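Just remember that our numbering sits 16 ahead of the position in the sequence shown, which is counted from 1.
For every residue, glycine included, the Cβ atom is placed at its ideal position computed from N, Cα and C.
Please read these numbers as outputs of a predicted model, since none were measured by experiment.
Data first, discussion second: the structure below is written as structure tokens.
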Amino acid sequence: MIEQPKKALFILGGLDDQDLCWIINRGKTQVIPPGETLIYEGRTISALYIVLKGVLSVSISPNGERELARLVEGEVVGEISFIDNRPPLATVKALEESLVLVVPRFELISQLHKNAGFASRFYQGICLCLASRMRGTVRRLGYEVDDPSLEDMEQDTEDMTESKQDFLELAEAKFNWLVENLKTS
17 MIEQPKKALF ILGGLDDQDL CWIINRGKTQ VIPPGETLIY EGRTISALYI
67 VLKGVLSVSI SPNGERELAR LVEGEVVGEI SFIDNRPPLA TVKALEESLV
117 LVVPRFELIS QLHKNAGFAS RFYQGICLCL ASRMRGTVRR LGYEVDDPSL
167 EDMEQDTEDM TESKQDFLEL AEAKFNWLVE NLKTS
């Protein structure tokens with residue numbers, strides 16, 4: 017099975033150095049102790065989060081009984097609520113001590129309105145992130161087994177073009193640079 021790229025890489029990969037510096041300057045790191053909830057299902061959130069370290073569980077239902085996913089370093093959290101400005105559909109809780117970068121929604125929206133280049137690069141990354149998430153959902157639902165047309169989609173992933181590989185390698189380098197620069201700021 018092919019390892020899916022981490023969602024934050026889609027966002028960070030298209031950003032330039034000034035964009036990354038802006039995120040470092042506006043974002044704040046937050047330690048999430050094991051068992052602590054970062055996001056509650058149905059409650060508005062005021063930030064976009066990038067997982068820098070640790071493991072977070074994403075679950076739904078009244079008591080968080082059904083785990084949907086586990087998020088690790090390089091994942092983004094809260095992107096859907098950021099886009100549609102609605103409360104999240106899932107709860108996100110730390111399974112172990114975790115570190116996230118918190119980018120305040122108000123400041124991010126302000127920057128998107130002030131800087132068209134940043135907005136274009138950021139929204140393209142969000143689109144790639146959400147497209148990847150949707151493809152993963154389709155695969156988990158098992159449609160690729162029943163629908164031969166979706167086999168082409170899987171083949172596309174396996175035959176990743178050199179430019180896509182280069183993009184993801186650059187994105188991973190940017191993520192690592194972001195993490196290192198957060199340590200020194």
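Q) So I142 is in the alpha helix (DSSP H); what residue range does that whole segment cover? A) Position 126 of the sequence shown, counting from 1, holds the residue named residue 142. It spans A132 to L157 - the alpha helix (DSSP H) in which I142 sits, taken as one unbroken run.
Q.
Taking 6 Å as the cut-off, is the C-beta of S148 nearer than that to any heavy atom in the ligand GDP?
A. As presented, the structure is devoid of all ligands, the ligand GDP included, so that no description of it is given.
(Q) If you measure between the beta carbons of R137 and G30, is that distance less than 7 Å? (A) Within the sequence shown, the letter at position 121 stands for residue 137. Within the sequence shown, the letter at position 14 stands for residue 30. Contact: yes.
Q.
So if DSSP puts P104 in a beta bridge, which residue, or which two residues, is it bridged to?
A. As a working mapping, residue 104 is identified with position 88 in the sequence shown. Paired residue(s): none; P104 is not in a bridge.
Q. A39 lies in the alpha helix (DSSP H); which residues open and close that run?
A. The residue labelled residue 39 in the question sits at position 23 within the sequence shown. The amino acid at residue 39 is misidentified as Ala; the sequence shows Ile. Segment D33 to R42, the alpha helix (DSSP H) holding I39.
Q. Would the beta-carbon of E112 fall within 7 Å of that of P50?
A. Here residue 112 corresponds to residue number 96 of the sequence shown, with the count starting at 1. Here residue 50 corresponds to residue number 34 of the sequence shown, with the count starting at 1. A contact, by the Cβ cut-off of 7 Å.
Q) Short check: CB of Q127 to CB of F134, under 7 Å? A) On the sequence shown, residue 127 is found 111 positions in, with the first residue counted as 1. On the sequence shown, residue 134 is found 118 positions in, with the first residue counted as 1. Yes, the pair counts as a contact, with Cβ atoms nearer than the cut-off.
Q. Roughly how many whole angstroms lie between the Cα atoms of S62 and K44?
A. Within the sequence shown, residue 62 is the residue found at index 46, counting from 1. Within the sequence shown, residue 44 is the residue found at index 28, counting from 1. Spanning the two alpha carbons is a distance of roughly 13 Å.
Q | K69 - containing alpha helix (DSSP H), residue span | A | The residue given as residue 69 occupies position 53 in the sequence shown. Element bounds for K69: not the alpha helix (DSSP H) but the beta strand (DSSP E), A63 to K69.
Q) DSSP state of S77, grouped into three classes? A) The residue labelled residue 77 in the question sits at position 61 within the sequence shown. If DSSP states are grouped into helix, strand and coil, S77 belongs with coil.
Q.
Can you find the residues in the same chain that come closer than 7 Å, C-beta to C-beta, to E123, ignoring five residues on each side of it along the sequence?
A. By one-based count along the sequence shown, residue 123 stands at place 107. The beta carbon of E123 is closer than 7 Å to those of R42 in its chain, skipping five residues each way along the sequence.
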